[in-house]
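Down below is the structure, laid out as structure tokens.
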């Protein structure tokens with residue numbers, strides 16, 4: 272513990288110095304360019320868009336309905352999105368064409384999950 276104390280003090284001092292050097296952000300400021308680069312663009316519309324590609328590493332863990340969607344399911348998903356103004360705006364903001372939507376699910380938090388190609 273005695274060996275760790277100087278390291279902890281150094282980290283604390285460095286954090287304090289950095290926090291004083293950084294400008295304070297306004298409470299409702301937009302997403303910074305750094306966080307957008309690291310985490311992707313944040314949308315505040317309760318819609319999550321997940322891109323499904325054939326080269327995806329996680330493809331084997333996806334349900335069959337997403338790996339090989341049925342045409343009727345795709346039509347139903349696209350009809351759901353086109354009937355909801357909120358979802359249409361969400362895919363437009365993300366640059367997703369309606370023809371690429373393959374499935375829409377209702378999330379537990381009340382939002383939507385859109386799967387697209």
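Residue numbers (the working numbering): 272 to 388.
Ideal placement from N, C-alpha and C gives every residue a C-beta, glycine not left out.
DSSP three-state label for residue i, please.
i           : result
residue 346 : helix
residue 323 : coil
residue 367 : coil
residue 297 : The predicted position of residue 297 is uncertain, since its pLDDT is 36 and thus under 50; a value taken from the coordinates is nonetheless stated next. Looking at residue 297 - three-state DSSP - the assignment turns out to be coil, as it is neither helix nor strand.
residue 338 : helix
residue 356 : helix
Taking only the alpha-carbon atoms, compute the straight-line gap between residue i and residue j and give it to the nearest angstrom.
i           : j           : result
residue 388 : residue 372 : 7 Å
residue 370 : residue 321 : 15 Å
residue 347 : residue 338 : 17 Å
residue 300 : residue 318 : Confidence is the limiting factor: at residue 300 the pLDDT is only 49, short of 50, which leaves the residue's position unreliable and the question unanswerable from this model.
residue 333 : residue 357 : 26 Å
residue 345 : residue 367 : 15 Å
residue 350 : residue 359 : 11 Å
residue 379 : residue 385 : 14 Å
residue 342 : residue 323 : 16 Å
residue 365 : residue 382 : 16 Å
residue 340 : residue 354 : 20 Å
Exposed or buried, which one is residue i when buried takes at least 16 other CB atoms within 10 Å?
i           : result
residue 374 : buried
residue 361 : buried
residue 352 : buried
residue 298 : Unreliable placement is indicated for residue 298, whose pLDDT of 37 sits below 50; the coordinate value is still reported in the next sentence. The residue is exposed, with fewer than 16 neighbouring Cβ atoms inside 10 Å.
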